[in-house]
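Working notes, structure below.
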Amino acid sequence: MTEPLLQVRDLRVAYGPVQALRGASLNARAGEVVGIVGESGCGKSTLAAALIGLPAPGATVSGEVRIGGDDLLALPEPARRRLRGERVAMIFQDPMTAFNPVLTLGDQLIDFQHRLAEPRAAKRGRARAMLARVGLPDPDLALHRYVHELSGGMRQRAAIAAALLMRPPLLVADEPTTALDVTMEAQILHLLRELRGEHQGAIVIITHHLGVVGELCDRVYVMYAGEVVEEGTVEEIYHTPRHPYTRALIACDPAHVAQGQGHLPTIPGRVPDLAAPPAGCAFAARCPLASARCATPPPRHRFGPTQVAACYAVAP
Amino acid sequence: MLTYAIKRIGLAVLILITVMLAMYAMVFLVPGDPASLALGPRATPELKAQLIARMGLDQPVWVQVWRFFANALHGNLGYDVWSRRPVLDQILQVFPNTLFLGAVALGWALVLGVALGCAAVVWRGTVVDAVLGILSVSMIAVPPFVIALYLLLIFAVWLGWLPAIGAGTPGDWASQFRAVLLPAFSIGITWVGYLARLVRASMLEVMGANHIRTARAFGLSELRIVTRYALRLAIIPTVAILAVGFGSILSSAVFVETVFSRPGIGTLVTSAVAKRNYPVVMGSVLFMTAFYLVVVTAADLLIARLDPRVRDVFRG
Amino acid sequence: MSSVAEALPASRRSGALHRLMRDRMGAMGAVLVAAFVAMALFAPWLAPYDPLKLDVMHKLMPPSLAHWAGTDQLGRDTLSRLIWGARTALGVAVSSIGLAGAIGIALGLVAGYGPRWLDMALVLVLDSLSSLPMIMFALAVITVLGPGKGTLILVIVLVSIPGYARLIRAQTLTLKNADFVQAERTMGAGPGRILARHILPNVVGPLVIVLSMDVPVVIMLEAGLSYLNLGVKPPEPSWGNILYDGYTSLRSQPALVIAAGVPLVLSTIGFTFLGEGLRDALDPRLKVGPR
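Chains as they are written, first to last, in the numbering used here: chain X, 164 to 479; chain R, 55 to 370; chain P, 1191 to 1481.
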């Protein structure tokens, strides 16, 4: 087996007393699309920030984030900065605020290629070509536009173009379709699926939307309260979910709810307080299968070569 | 945008009229008439009668007020009680000196203040930031005319490098430039402090924005992010403050011009106040208030030009 | 819960005064201000000489053991005059800012809580006043009334009122519709009771910060106008008067102007530092970021 392109080991991030990530581990190989799902507040955004080596100021971080062998968190800032944009790029959640409002799109796309020792015209040409590739109708005009002059869908396409500009081996997409309406979302998913075929590296898609995962991903990590509770291929997660939380999540997905049922099922109870997380399984308080042993950390059971779930109740 | 501009200008005119009415009211509310106050102990009945006739004080109040406004509209601000020269001539003769002083003071303050503000942001949280913080507060706190006195002592009296008095020879740019250096430095130092703080504060606010995160995610250097991505946005509140701060520049100029015996609006007014030369004081106050209102109004319109978003709001 | 409290940064745990003292800049300001106030209060005991006593035999002396800061053109002891000058500066600052603050509170409460027409009229007047270049307004008033300490205080009061009244008005408008005020009103409380019990205590805090930040500005203005002979009249010792004396003998005895600037610079820096510290400690919302 080849060395994974992205390897995250026991990543812990805390903001003061709040432990947003509590030892998450995951990896992604070249050519693979990996989804990370979970409710809001499960640590997805914190994970996304850590993957590009930009934790929020004041956060305490431990663990490893290896991209192509180098531990992003152990590198000094200048070296870390060199990896960003070159080995890892990010498609941001809200393209309206992700671009600078007083610089044109062209200015920024040229700036993002600052590593290349090429004349400005060549960089502009590459930016133009990439905008055309992601399906912006008039790329020449778009280069002269400010973000607020573009529509939501165009902005998201521009954000994807920006991430692809330097052809980084690792692409991280943080909620790439959340800011869009349903038709736009379908178009962007279509575009991402196309790009998936061309892209040589790994793509990590962070979302709360199971539909997006099903459309695009090969493998999935399910996160809950700052931990990975289950991992597996898309088929395994969808058809044979093991962890009670994954099952609940899939049961609550509007796409899976039977017609005429009349109401959307929800998971009862609340996410635990991450300033004082429980010692054992974080989901125990809301879990229908919970018992006394769940007060201690659950074992990680393997179900076949690719599926792992951290739960006492679902031993294979 | 046009209606906005008309509204702003209308308000400025209204304020100007209120100011002049208030000043007239003040003169007539105070016991004793301007003529005897101006003459002081030298007042003889003949002199007084002469002066009253010359100042039009024998007319009813409303006629005086009306005359003043009518004359002001025709560019006639009255005549000096003593020299009988037109007040507007005197103002226009010295005003370029004050304007030049203010411009040089603001110019160097802007360059250094913005640079220090940026430096504090680039090295935020470090010793550099802390030292700059204390330094800028100190620069704000020190009275400009005390700095002027110390500079006068050191560079003009002791070292003899720069002239101690005057504004240089008319037409001789080199001498005018040498004469403006010390006063401009004294006035500008307060503004270096203000601007450094203001730029730092608004920059830090901008630095928290999503688009800055994008720029970081593409590995741009901190210096480039600060100077290219943040500064343009952070400079907008600075322009607003600069215009309003013109009043405080003028206030410093009144004191500093006197220290350097530099012909200007400040020395003109202070000597007129001491001699209770009403027409000169009233004319100068009207002139400077009008100029100040023009600057503030112009700044508002400039801000609309600097920010493409504001521009579009007005356009739409 | 104790673990949460311990994990919080120390600055968020401790009280306002503690934080103020932690802030080195604020502490430095407090020391300078304390020295200034002590100088002003105990001037008769601290000053080695009578600040008005002439001694023309010893005019324009350089600093010596007998006269630590030298003497002026009339042989008066500069150190004594500077110490008494602190009293003049503090007197002008306290009386003018106190008066302006009181009037500002009254006008602000009336504008914020009173009838709408009165509010609109007051706002127009206050806006016009505050859109004047301050120094021009001050000079116009001095021309009319003639220079002197009384005029100086009046001028400072007049130029300060608009800012204070506008602050109080804005605060009052916000509080007027706050739930606890509405509740009190439904219980039948009259405007007097509401203003005195609920609004006034809540608007005074921010005003105190603004007032404290204005003290150095007033000290500067007093010295500046006295320097121009448009403020405190000689021979009463004022830092501005002493600076002017120093200016006239700049070439013959530079020690005078050097000495005269020191207390002025130190006290304005002291008050500014203290004001910054107070603002950080009492009203963190106004804070622009870590220093």
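Where a beta carbon is used, it is the ideal one built from N, C-alpha and C, also for glycine.
Because the structure is a prediction, the values reported are computed rather than measured.
From residue i to residue j, what does the alpha carbon distance come to, in whole angstroms?
{"i": "L1468/P", "j": "A1230/P", "result": "22 Å"}
{"i": "A169/R", "j": "A184/R", "result": "15 Å"}
{"i": "A288/R", "j": "F262/X", "result": "16 Å"}
{"i": "M1211/P", "j": "A325/X", "result": "Confidence at M1211/P is low in this model, with a pLDDT of 49, below 50, so the placement of that residue should be treated as unreliable; the coordinate-derived value is given next. Computed Cα separation, rounded: 49 Å."}
{"i": "G1302/P", "j": "L1348/P", "result": "20 Å"}
{"i": "A294/R", "j": "G1260/P", "result": "46 Å"}
{"i": "P440/X", "j": "M386/X", "result": "15 Å"}
{"i": "L111/R", "j": "G1336/P", "result": "19 Å"}
{"i": "D344/X", "j": "E338/X", "result": "13 Å"}
{"i": "T1362/P", "j": "A1328/P", "result": "29 Å"}
{"i": "V349/R", "j": "I1358/P", "result": "28 Å"}
{"i": "A195/R", "j": "V1221/P", "result": "16 Å"}
{"i": "V313/R", "j": "A1355/P", "result": "34 Å"}
{"i": "P300/X", "j": "Q350/X", "result": "14 Å"}
{"i": "T469/X", "j": "A478/X", "result": "15 Å"}
{"i": "A163/R", "j": "A328/R", "result": "32 Å"}
{"i": "S1201/P", "j": "R433/X", "result": "Note that S1201/P has pLDDT 35, beneath the 50 cutoff, so the model's placement of it is unreliable and no number is given."}
{"i": "R247/X", "j": "L184/X", "result": "22 Å"}
{"i": "P379/X", "j": "L168/X", "result": "The sequence given here places Leu at residue 379/X; Pro does not occur at that position. If you take the alpha carbons of L379/X and L168/X, they lie about 19 Å apart."}
{"i": "A211/X", "j": "V176/X", "result": "12 Å"}
{"i": "L160/R", "j": "A297/R", "result": "11 Å"}
State yes or no: is the C-beta of residue i within less than 8 Å of the C-beta of residue j?
{"i": "Q271/X", "j": "K286/X", "result": "no"}
{"i": "W1429/P", "j": "G1275/P", "result": "yes"}
{"i": "G337/R", "j": "L166/R", "result": "no"}
{"i": "G201/X", "j": "V383/X", "result": "no"}
{"i": "L277/R", "j": "V175/R", "result": "no"}
{"i": "G259/X", "j": "V297/X", "result": "The sequence given here has Met at residue 259/X, not Gly. No, Cβ-Cβ distance for M259/X and V297/X is not below 8 Å."}
{"i": "Y346/R", "j": "P1323/P", "result": "yes"}
{"i": "L245/R", "j": "G299/R", "result": "Residue 245/R is actually Trp in this sequence, not Leu. Taking 8 Å as the Cβ cut-off, W245/R and G299/R qualify as a contacting pair."}
{"i": "A321/X", "j": "L354/X", "result": "no"}
{"i": "V234/R", "j": "L155/R", "result": "yes"}
Can you give me the start and stop residues for the alpha helix (DSSP H) that residue i sits inside?
{"i": "L1390/P", "result": "1390–1417"}
{"i": "G1275/P", "result": "1268–1303"}
{"i": "M1310/P", "result": "1306–1320"}
{"i": "I273/X", "result": "268–274"}
{"i": "Q230/R", "result": "227–261"}
{"i": "R359/X", "result": "345–361"}
{"i": "I1432/P", "result": "1429–1438"}
Just curious, the beta strand (DSSP E) that residue i is in, first and last residue?
{"i": "F466/X", "result": "463–466"}
{"i": "L170/R", "result": "Unbroken run through L170/R is the alpha helix (DSSP H), 141–176; no beta strand (DSSP E)."}
{"i": "D416/X", "result": "That residue, D416/X, is in no beta strand (DSSP E); it is neither H nor E in DSSP."}
{"i": "V385/X", "result": "382–387"}
{"i": "A222/X", "result": "222–230"}
{"i": "S137/R", "result": "Taken as a continuous stretch (DSSP letters only), S137/R belongs to no beta strand (DSSP E), as it is neither H nor E."}
{"i": "I371/R", "result": "As displayed, chain R neither begins before 55 nor continues past 370, which places residue 371/R out of reach and without an answer."}
{"i": "E490/X", "result": "Because chain X is modelled from 164 through 479, residue 490/X falls outside the range shown and cannot be assessed."}
Could you pull out every residue in the same chain whose Cβ sits closer than 6 Å to the Cβ of residue i, ignoring the five residues on either side in sequence?
{"i": "R172/X", "result": "S188, G226, E227"}
{"i": "N331/R", "result": "V135"}
{"i": "I1293/P", "result": "I1351"}
{"i": "P1305/P", "result": "none"}
{"i": "A442/X", "result": "none"}
{"i": "R229/X", "result": "Q170"}
{"i": "L186/R", "result": "L170, A174"}
In chain A, what lies closer than 7 Å to residue i by C-beta?
{"i": "A1413/P", "result": "The structure shown contains no chain A; its protein chains are X, R and P."}
Using a Cβ-Cβ cut-off of 7 Å (strictly less than) and excluding sequence neighbours within five positions of residue i, which residues of its own chain qualify?
{"i": "G1414/P", "result": "G1430"}
{"i": "T351/R", "result": "R62, I63, A66"}
Residues in the same chain with beta-carbon distance under 8 Å from residue i, minus the five sequence neighbours each way, listed in chain order, please.
{"i": "L70/R", "result": "L340, T343, A344, L347"}
{"i": "I357/R", "result": "I290, V293, A294, V364"}
Inset, instruction - Count the CB pairs spanning the segment 120–140 of chain R and the segment 279–296 of chain R that are closer than 8 Å, and state whether there are at least three. - result: no
Inset, instruction - Inspect the CB distances between the segment 248–265 of chain R and the segment 134–150 of chain R and report whether three or more fall short of 8 Å. - result: At 8 Å Cβ cutoff, the stretches do not touch.
Legend entry - Three CB pairs or more closer than 8 Å across the segment 1414–1421 of chain P and the segment 303–323 of chain R: yes
Inset, instruction - Would you check if the segment 1429–1440 of chain P and the segment 1407–1414 of chain P touch, i.e. whether three or more CB-CB distances between them fall below 8 Å? - result: yes
Legend entry - Stretch-stretch touch, CB-based, cutoff 8 Å, three pairs: the segment 243–255 of chain X with the segment 211–227 of chain X: yes
Legend entry - Sufficient close CB pairs (3 or more, under 8 Å) joining the segment 391–398 of chain X to the segment 350–368 of chain X: Contact annotation: the segment 391–398 of chain X does not touch the segment 350–368 of chain X, with fewer than three C-beta pairs closer than 8 Å.
Legend entry - Three or more C-beta pairs below 8 Å linking the segment 232–247 of chain R and the segment 145–160 of chain R: yes
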